[in-house]
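Trainee:
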Amino acid sequence: MKMTDIIDRIMSYEMGFMDDAETLKLFSELISNKMVWSMQGHYGRTASALIESGWIDSDGSITDKAYDNDIL
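Put into structure tokens, the structure is as follows:
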């Protein structure tokens, strides 16, 4: 994915335009490419919370929890 696509998605997230599925996909990608750990603190804290609550694995894979709860 191009950097401009990621930036556009981050802007949509920050403006509150993303639904839960889009948010999970964004954080999944940011965790997978490790970008999230060098971003502003909110992103790292949110990524950690998504991992700790079982929505996303530490490698960035979205877990079955999202499918079981009809998020995806």
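For the sequence shown, the tail end lands on 1359 under my numbering, and the numbers increase by one without skipping. Backbone N, C-alpha and C fix where the C-beta goes; we use that ideal spot for every residue, glycine too.
1) Verify the CB distance criterion: does M1305 have a CB-CB separation below 8 Å to chain B?
2) So G1328 is in the alpha helix (DSSP H); what residue range does that whole segment cover?
3) Is it true that the stretch 1317-1328 meets the stretch 1349-1359, where meeting means three or more beta-carbon pairs spaced less than 8 Å apart?
4) Nearest CA to the CA of S1348: which residue from H1329, N1320 and Y1330?
5) Report the option in I1318, L1313 and I1358 whose CA atom is closest to the CA atom of I1297.
Mentor: Walking through what the data contain:
1) No chain B appears in the structure shown, which is made up of a single protein chain.
2) G1328 to E1339
3) The way I'd put it, the stretch 1317-1328 doesn't touch the stretch 1349-1359; fewer than three beta-carbon pairs between them come closer than 8 Å.
4) N1320
5) L1313
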